[in-house]
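So in the UniProt record's numbering, the last one in the sequence shown is 897, and the numbering has no gaps at all. In this text, a Cβ means the ideal position worked out from N, Cα and C, and glycines have one as well. Comments concern the structure below.
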Amino acid sequence: MTRITHVQFEHYHPPNTIGVEETRPRISWQFEDYLSNFQQDAYEIEVSEVAWNSQVTVLSSTKLTSPSSYLVPWPHSQPLTSRQKVSIRVRAWDLDGHGTEWSEPVFLEVGLLNWSDWKCERIAAPWGPGTSGPDTEQLYRRDFKTPDSIVKARLYITAQGVYEAEINGRRVGDHFLAPGWTTYDGRLQYQTYDITDYLSIGDNCIGVRVAEGWFSGRIGFEGGHRNIWGSHTALLVQIEVTSKDGEVQTITSDGSWRVTRGPIRRAEIYDGEKYDATKEIPSWSSPGISQDAPDWSTVLLMPPLPDSVKLTSGFGEPVRRIEALKPVSTIVTSSGKVILDFGQNLVGHVKLSNIKGPTGHKVILSHAEVLENGELCTRPLRICKAIDEYTLRGDGQGEDYAPRFTFHGFRYAQIDNWTGEELETFAEAIVCHTDMKVVGGFSCSYPLLNQLYQNIVWGMRGNFFSVPTDCPQRDERLGWSGDLALFAPTAVLIYDCFGFLKNWLIDVEYDQSILGGVPAMVTPNATLPDPIWCRRVPCAIWHDVTVLAPWALYEETGDESILAQQYNSMLTWMRKVPRNSTGATHLWDTSVFNLGDWLDPAAPPNAPWKGTTDAKMVANAFLIHSLDLMCRISQILRQDADESHFVSWSKSARKEFQDEYVTANGRIVSDSQTAYALAICFDLLNPSQKVHAGARLAYLVWKNEFKIGTGFAGTPYVCEALAQTGNIQVAYTMLLEEKCPSWLYPVTMGATTVWERWDSMLPDGSVNPGEMTSFNHYAFGAIAKFMYERIAGLQRVEPGWKRFRVAPEIGAELSNAAAEHATPFGLLSCSWETEKNEDGSERFRLEVSVPYSTTCDVILPDGDGKKRRTIDHGDWVFETSFTRDYEWPVEPLPPKS
């Protein structure tokens, strides 16, 4: 019998549906166990309110004739209000009037929507204003009494800094480095926790640890800056306890709280954490410590947050500790150092258990991504120590330690001064990142490609950490806009990052408003105090993120709301694109410096902007691409005047691009891999020019021995451009190349994430001498989209996957491939394999699973042509025979000029 499952509010996934900011959340659901001819004709949504005493009252039950099951409008006549908790159930009917059972109820609870809901005061440590260097953590506490019966309790909490809360000695929640990183002068996120089960009748205590984090800790290049958003940390807390008679008791941060320095003597994002267990305060977050206890001070009352700062629950998932990895080996270096190899370059921290030694003994943990000459290689970290230090209590008991307020990018951890038993037994690496839902998977018959895909996934995991960072290990870890602009179309295939990026894009627009309409290069803008790094000059690609990232989210979800949310940001940026002073051109002003094809392998190690491709040409290609998207976006949002403007601008800019950079036959001035890749994929050429350009690109790839000749700008497009112009075997040869520079070269060197440079590690095992040498950057991992779409053959045709295509491109020596993707309508998957026949031909078998309410176009290899079929929901199997009409490896002849 047909069942309704996966009922969902907006884009939230449980358990992240408490304390949200929605007042009219749209509803989605999926179907399971449906018959092949099932088609929804009508649906009914029941909305109920869940009171403080768990009593459920039906507010409305709305039945509509509609086939829609995705992001349907909020069905109740009234919007939700602060603290309101609701549940919904859904049922549906088919064309014959047969109905499903009600779905299981799902719940959503609204947070505090208005300033008037907040009764707490902002508090700080009294020594905070006089702090000039790294500060210790602060321990805040307050005792309070609760009524004889508790039926509901909520903790609303945030900090300017990072925090962990405890109630009666128990850690509250599982967030890591809460409240996360935002543009603190524009938005401060808060969290809502259900603490009903944490409270006791009578005496209770709340304790909160607070450290600097991103807010006032050191962030940025070349030593960075401290106190970018504030001179010291602060805390806001509000507890609401409801008794069985409905009375609400409110406990807030105010002048009655006490604060002291905690055992974390230093907590820095870059330099790490120092924990001194001899400074621990037993039972500090439990009732019973006197208000007059020594070393506890009265808190400093701070002025209220300015009205310009919005307290928000945000839209992204929190960072969490996701999994633990045990070491794969212990290395004793020639200098006698002990290093643990966790077998995977990851982001998080090391957890040590059963630490033994005398009082005051220090165990030191140093982190790095690679070894060089058999020792820990820390040079790529630049001005970043990445060292954690634990000082033992020394009470004879085994002690445990895991950092609370720092994170590292590492595969190797050097442990100095370990005096206990087998280190490998008592150490593990804790993997941390934003807790997004996995939505994609890929595999094939080529093991190195499978490892490459896993490297891309791990790179995304490590860098989607509260904001989309460029790298997780050195004195940077910033929300670089260019990296995300190029990787977003790939990111959405791997993880559901809609909420994560929606949240970040709000901050992008805020920083853009601060800089007079030009987006920041990094958001949150940690470069603001630095006039050198804080570019207020328009920059192609990096600032095109205002258009490219929302469009990627829209294509993945079909949700127009993300376009509407960011539309003003897009328009503001497009108005800032500089043209010459006479206004005679529709292209970029040639006097403006652009970064071009950043990290082109031909660029000097210390001048990554000096690539082969004309930077102005790259900027103009992306300008036209953004203009084309603005034409479509303004049409979708029914902004007719804007659409007309962008259509005219795009048409003129395309002509001027042709006049400036393209010959009549399709040769491009820069004559580089990136130049042809962008011109082909951005539709900058007429059909005959495109054919010639494809041949020229294939020649340039062949001439370069199938090695990569692209940087950030061209890499996402080069293989796709070859495929679009009939050169798929050249694309596969390039993808499978193992010599440097190539995608597989790092894999052959033992990489487990994607590198910043194609040659971050040189063939002799030494580290690239360039200043920028990260072993965990995700930008070049954009090739995963090609792997999904061309190797496995899984291609989105319409936004939101309402229609998709399965069209594998058989090539190289690949004999099978598979991909799956969780769409708004359910899981779709495809897998294919080949088997040789006696006559030299091959049998091709394809399995496709199509979710309900979607349509799939299947394109099979069939002799000299293609066999096409359109299918709807269900599981399908296709078989055919074909002959590989190519030689492997590819040895193309140079085409005529």
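ask   = Can H361 and T425 be called in contact, C-beta distance under 8 Å?
value = The sequence position of residue 361 within the sequence shown is 361, counting from 1. The sequence position of residue 425 within the sequence shown is 425, counting from 1. Taking 8 Å as the Cβ cut-off, H361 and T425 do not qualify as a contacting pair.
Tell me which same chain residues have a C-beta within less than 7 Å of the C-beta of T753, skipping the five on either side of it?
Within the sequence shown, the letter at position 753 stands for residue 753. N345, N455, W458, G459, G462, F775 and N776.
What residue from G596, H586, P608 and A664 has the CA that sits closest to L627's CA?
Counting from 1 along the sequence shown, the entry for residue 627 is found at position 627. Out of G596, H586, P608 and A664, H586 has the C-alpha closest to the C-alpha of L627.
*Measure the alpha-carbon distance for D40 versus S87 and round it to whole angstroms.*
Stepping through the sequence shown from its first residue, residue 40 is reached at position 40. Stepping through the sequence shown from its first residue, residue 87 is reached at position 87. Note that residue 40 is Gln in the sequence shown here, rather than Asp. About 22 Å.
Considering only residues of the same chain and omitting the five flanking positions on each side of R3, which have a CB-CB separation below 6 Å? Within the sequence shown, the letter at position 3 stands for residue 3. Around R3: E32 and D33.
_To the nearest angstrom, how far is the alpha carbon of L95 from that of F38?_
Locating residue 95 in the sequence shown gives position 95, where the first residue counts as 1. Locating residue 38 in the sequence shown gives position 38, where the first residue counts as 1. Distance between the alpha carbons of L95 and F38 is about 8 Å.
**Prompt:** If you draw a straight line from the alpha carbon of P895 to that of Q673, how long is it in whole angstroms?
**Reply:** The sequence position of residue 895 within the sequence shown is 895, counting from 1. The sequence position of residue 673 within the sequence shown is 673, counting from 1. Residue placement at P895 is poorly supported in this model, since its pLDDT is 48, which falls under 50; the coordinates are not used for a value here.
key: Span of the beta strand (DSSP E) around N345   = Here the question's residue 345 lines up with position 345 in the sequence shown. Unbroken beta strand (DSSP E) run through N345: V338 to I355.
Check: What do you get for A641, buried or exposed, if any count of 16 or more other CB atoms within 10 angstroms of its CB means buried?
Finding: In the sequence shown, the residue the question calls residue 641 occupies position 641. A641 is exposed by the Cβ-count criterion.
| query | With respect to the beta strand (DSSP E) encompassing Q40, which residues constitute its N-terminal and C-terminal limits? | reply | Locating residue 40 in the sequence shown gives position 40, where the first residue counts as 1. It spans Q40 to V50 - the beta strand (DSSP E) in which Q40 sits, taken as one unbroken run.
Point to revise | Local conformation of G800 per DSSP, three classes | key: Residue numbering aside, residue 800 sits at position 800 when the sequence shown is read from its first letter. Helix at G800.
Three or more C-beta pairs under 8 Å: does that hold for the region 490-500 against the region 513-524? no
Exercise for review: Take P79 and list the residues in its own chain whose beta-carbon comes closer than 6 Å to its own, dropping the five residues that flank it on each side.
Suggested key: Taking the first residue of the sequence shown as 1, we reach residue 79 at position 79. Same-chain partners within the cutoff: T23 and R24.
Query - CA-to-CA distance, C830 to R869, given in whole angstroms - result: Counting from 1 along the sequence shown, the entry for residue 869 is found at position 869. Counting from 1 along the sequence shown, the entry for residue 830 is found at position 830. Using only the alpha carbons, I get a separation of about 15 Å.
Would you call W102 buried or exposed, if buried means 16 or more other Cβ atoms sit within 10 Å of its Cβ? Locating residue 102 in the sequence shown gives position 102, counting from the first residue. Counting Cβ neighbours within 10 Å, W102 comes out exposed, since fewer than 16 surround it.
Can you tell which of P134, G180, L846 and D597 has the C-alpha that lies nearest to the C-alpha of F464?
For the purposes of this step, residue 464 is taken as residue 464 along the sequence shown, with counting starting at 1. Selected option, being the one with the closest Cα: G180.
For this session: Quick one: which unbroken alpha helix (DSSP H) runs of 4-plus residues sit fully inside the region 797-867? Chain order, please.
Result: none
Would you mind reading off the limits of the alpha helix (DSSP H) that contains F410? Reading the sequence shown from its first residue, position 410 is the one you call residue 410. No alpha helix (DSSP H) holds F410; the beta strand (DSSP E) holding it covers H408 to D416.
Distance check for H367 and T378, CA to CA, integer angstroms please. As a first step, residue 378 is located in the sequence shown; it is residue number 378 there, counting from the start. As a first step, residue 367 is located in the sequence shown; it is residue number 367 there, counting from the start. Rounded to the nearest angstrom, the two C-alpha atoms are 8 Å apart.
By Cβ distance below 7 Å, which residues in the same chain neighbour E635 in space, the five residues on each side in sequence not counted?
Walking along the sequence shown from the start, residue 635 turns up at place 635. The identity of residue 635 in the sequence shown is Gln, whereas the question assumes Glu. Hits under 7 Å: E643.
Query - Whole-angstrom distance between S116 and G781, CA atom to CA atom - result: Here residue 781 corresponds to residue number 781 of the sequence shown, with the count starting at 1. Here residue 116 corresponds to residue number 116 of the sequence shown, with the count starting at 1. If you take the alpha carbons of G781 and S116, they lie about 46 Å apart.
* State buried or exposed for D266, treating a residue as buried only when at least 16 other CB atoms are found within 10 Å of its CB. => Here residue 266 corresponds to residue number 266 of the sequence shown, with the count starting at 1. The sequence as given places Arg at residue 266; Asp does not occur at that position. Classification for R266: buried.
- Message: Would F682 and I624 qualify as a contact pair, given that the criterion is a beta-carbon distance under 8 Å?
- Response: Counted from its first residue, the sequence shown places residue 682 at position 682. Counted from its first residue, the sequence shown places residue 624 at position 624. Their beta carbons are under 8 Å apart, which means F682 touches I624 by this criterion.
* For F786, the nearest candidate out of W832, I167 and A819 (CA to CA) -> By one-based count along the sequence shown, residue 786 stands at place 786. Closest option to F786, Cα to Cα, is A819.
- Message: Please state whether the Cβ-Cβ distance between R320 and H175 is less than 8 Å.
- Response: Taking the first residue of the sequence shown as position 1, residue 320 is located at position 320. Taking the first residue of the sequence shown as position 1, residue 175 is located at position 175. Yes, they are a contact pair.
Under 7 Å Cβ to Cβ from V224, same chain only, skipping five residues before and after it: list those, please. The count along the sequence shown starts at 1 and reaches residue 224 at position 224. The sequence given here has Gly at residue 224, not Val. Only R218 and D475 meet the Cβ criterion.
- Pairing CB atoms from the region 877-894 with CB atoms from the region 66-84, are three or more of them under 8 Å? no
- Contact under 8 Å by Cβ, G169 with S286: As a position in the sequence shown, residue 169 is number 169, starting the count at 1. As a position in the sequence shown, residue 286 is number 286, starting the count at 1. Result yes, Cβ atoms of G169 and S286 sit closer than 8 Å.
ask   = Given a threshold of 16 other Cβ atoms within 10 Å of its Cβ, counted over all protein chains shown, does N204 qualify as buried or as exposed?
value = Sequence index remark: in the sequence shown, residue 204 carries index 204 (1-based). With 16 or more Cβ atoms within 10 Å of its Cβ, N204 is classed as buried.
Q. With distances taken between CB atoms, is the gap from W29 to H6 smaller than 8 Å?
A. In the sequence shown, the residue the question calls residue 29 occupies position 29. In the sequence shown, the residue the question calls residue 6 occupies position 6. Cβ distance < 8 Å, so W29 and H6 count as in contact.
Nearest neighbour of E389, chosen from P799, I364, Q397 and T527 [CA to CA]: To locate residue 389, count along the sequence shown from 1; it is residue 389. That would be I364, whose Cα lies nearest to the Cα of E389.
| DSSP state of L478, grouped into three classes? | Position 478 of the sequence shown, counting from 1, holds the residue named residue 478. In this structure, L478 counts as coil in the three-state DSSP scheme.
- [ ] Locate the alpha helix (DSSP H) running through S569, then write down its first and last residues.
- [x] As a first step, residue 569 is located in the sequence shown; it is residue number 569 there, counting from the start. S561 to K576 is the span of the alpha helix (DSSP H), which, as asked, contains S569.
Exercise for the section: Look at the Cβ atom of A277, then the Cβ atom of L352, and state whether they are nearer than 8 Å. Expected result: Start at 1 with the first residue of the sequence shown, and residue 277 comes out as number 277. Start at 1 with the first residue of the sequence shown, and residue 352 comes out as number 352. Not in contact: A277 and L352 (Cβ atoms no closer than 8 Å).
Is the distance from the Cβ of G97 to the Cβ of R91 below 8 Å?
Within the sequence shown, residue 97 is the residue found at index 97, counting from 1. Within the sequence shown, residue 91 is the residue found at index 91, counting from 1. Their beta carbons are not under 8 Å apart, which means G97 does not touch R91 by this criterion.
Can you check which of these residues, P550, S36, T557 and W573, is closest to A564 by C-alpha distance? Taking the sequence shown and counting its residues from 1, one reaches residue 564 at position 564. Nearest of P550, S36, T557 and W573 to A564, Cα basis: P550.
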